[in-house]
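Taking it in order: structure first as structure tokens, then the write-up.
There are 2 protein chains.
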Amino acid sequence: MKRLTREEYIEAIHVLQKPVGRAKTGQIAAHMGVRPPSVTQMLIKLKDEGLVDYEPFVGAKLTPKGNALARELMARHKVIADLLEILGIDRETAEKDACVIEHHMSRESAARLKQFVEFVQSAPRDPQWVERFRKYCEGGEAR
Amino acid sequence: MKRLTREEYIEAIHVLQKPVGRAKTGQIAAHMGVRPPSVTQMLIKLKDEGLVDYEPFVGAKLTPKGNALARELMARHKVIADLLEILGIDRETAEKDACVIEHHMSRESAARLKQFVEFVQSAPRDPQWVERFRKYCEGGEAR
DNA sequence: CCTAATCGTTAGGTATGCCTAAATTGTACT
DNA sequence: AGTACAATTTAGGCATACCTAACGATTAGG
Numbered sequence: 010m011k012r013l014t015r016e017e018y019i020e021a022i023h024v025l026q027k028p029v030g031r032a033k034t035g036q037i038a039a040h041m042g043v044r045p046p047s048v049t050q051m052l053i054k055l056k057d058e059g060l061v062d063y064e065p066f067v068g069a070k071l072t073p074k075g076n077a078l079a080r081e082l083m084a085r086h087k088v089i090a091d092l093l094e095i096l097g098i099d100r101e102t103a104e105k106d107a108c109v110i111e112h113h114m115s116r117e118s119a120a121r122l123k124q125f126v127e128f129v130q131s132a133p134r135d136p137q138w139v140e141r142f143r144k145y146c147e148g149g150e151a152r
Numbered sequence: 010m011k012r013l014t015r016e017e018y019i020e021a022i023h024v025l026q027k028p029v030g031r032a033k034t035g036q037i038a039a040h041m042g043v044r045p046p047s048v049t050q051m052l053i054k055l056k057d058e059g060l061v062d063y064e065p066f067v068g069a070k071l072t073p074k075g076n077a078l079a080r081e082l083m084a085r086h087k088v089i090a091d092l093l094e095i096l097g098i099d100r101e102t103a104e105k106d107a108c109v110i111e112h113h114m115s116r117e118s119a120a121r122l123k124q125f126v127e128f129v130q131s132a133p134r135d136p137q138w139v140e141r142f143r144k145y146c147e148g149g150e151a152r
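Residue numbers (the numbering used here), protein chains in the order written: chain A, 10 to 152; chain B, 10 to 152.
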């Protein structure tokens, strides 16, 4: 089975706390596909590390430090998802893969990937080679 | 600390068995940055799964099944490392990142990335946009 | 208010990969 | 062949993320 990381919990809380300012244990558990006790346990750890403000029976919300981390993670996440989408992966799979990949890459590679995505996105629009790449994927060769 | 996966052991054995046909416990341990007992333990598990042919005090080599898996993993690994290298990451970092990323991506995305790398590599050589991207990374904008 | 259902936490246990220390096997040199 | 050294395995623990079962708190309906 897949083991989730602290960072993935941070992201989940970031998403879930938006509506009401707090994420509840049950929500987090459902969102991440684990059981509530696992969440409680992790929240205690994250609290010890100063990343979340956790109050039993009430819920958790990110501290400033946690929010900063979340923003960084989300940015990295977006880059990877964008890259995969540029290459023709459907958004849903791209999102899913980004989730698991993002935590495992050096800052250096992440930064470079970000530049690449920006480079492509800043192009007039659909630069020729993206067009050609799409064709290359479907039909045979287009070059 | 980072926990290694079965697949990473398979790859290491694949690399190390080439010269002599077998990888020894100590070699694997050194190569992966773990202690010998951890390797022995893992070799026993991999043997139970039919992936390696392990004989105590002699060494380990991949079974046909293990070799097939290794080839698949190496191919995926190469794609990711190639992509990062195309984007300007030095080979060493690219290799390192590929190691940790490859196990966490869907087949779909892996396949698409492979197509992309092939697409770029099949170009006459250094297509214009790669050139421009490199400039974009160094100086300001080049478009 | 007070009980019932729901949600959360605590307690205790599993799986997995890693470690150190000690025992065992293999090897090389005299 | 015998002994000293090196490599490997065994034995016993630690850490981490997960689980189920049982207990405690919260909330909603009467």
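Glycine included, every Cβ here is placed at the ideal spot set by N, Cα and C.
Of the residues the options, the one placed nearest residue i, counting alpha carbons only
{"i": "K74/A", "options": "Q137/A, T14/A, L13/A, I19/A", "result": "I19/A"}
{"i": "R4/A", "options": "E140/B, G30/B, L122/B, T49/B", "result": "Absent from the model: residue 4/A. The displayed extent of chain A is 10 to 152, so no value can be given."}
{"i": "E140/B", "options": "I95/B, T72/B, T49/B, I53/B", "result": "I95/B"}
{"i": "I98/A", "options": "K87/B, V88/B, E111/B, F125/B", "result": "F125/B"}
{"i": "Q130/B", "options": "V109/B, E101/B, K87/B, A77/B", "result": "K87/B"}
{"i": "G7/A", "options": "T14/A, V61/A, E58/A, I89/A", "result": "The requested residue 7/A is not part of the displayed model; chain A covers only 10 to 152."}
{"i": "A120/B", "options": "L60/B, A84/B, V61/B", "result": "A84/B"}
{"i": "V48/B", "options": "A21/B, E58/B, G59/B, T72/B", "result": "A21/B"}
{"i": "E127/B", "options": "M51/B, R12/B, I89/B, E101/B", "result": "I89/B"}
{"i": "N76/B", "options": "A39/B, Q50/B, R100/B, G30/B", "result": "G30/B"}
{"i": "T72/B", "options": "K11/B, A32/B, M10/B, R12/B", "result": "A32/B"}
{"i": "M51/B", "options": "R12/B, R80/B, R100/B", "result": "R12/B"}
{"i": "E58/A", "options": "L78/A, D91/A, Q137/A", "result": "L78/A"}
Sheet register partners of residue i (DSSP bridge)
{"i": "Y63/A", "result": "A69/A"}
{"i": "A32/A", "result": "A69/A"}
C-beta atoms of residue i and residue j nearer than 7 angstroms
{"i": "Y63/A", "j": "K56/A", "result": "yes"}
{"i": "P45/A", "j": "G35/A", "result": "yes"}
{"i": "E16/B", "j": "L93/B", "result": "no"}
{"i": "I110/A", "j": "I110/B", "result": "yes"}
### Task
Could I get the ranges of all uninterrupted alpha helix (DSSP H) runs contained in the stretch 70-103 of chain B, with 4 residues as the minimum, in chain order?
Correct list: 73-95.
### Task
For the stretch 102-110 of chain B and the stretch 115-130 of chain A, state whether three or more C-beta atom pairs, one from each stretch, are separated by less than 8 angstroms.
Yes, since at least three Cβ pairs between the stretch 102-110 of chain B and the stretch 115-130 of chain A fall closer than 8 angstroms, the two stretches touch.
### Query
Does the stretch 23-38 of chain B come within contact of the stretch 55-72 of chain B, defined as at least 3 CB pairs closer than 8 angstroms?
Proximity of the stretch 23-38 of chain B to the stretch 55-72 of chain B meets the contact definition, three or more beta-carbon pairs being nearer than 8 angstroms.
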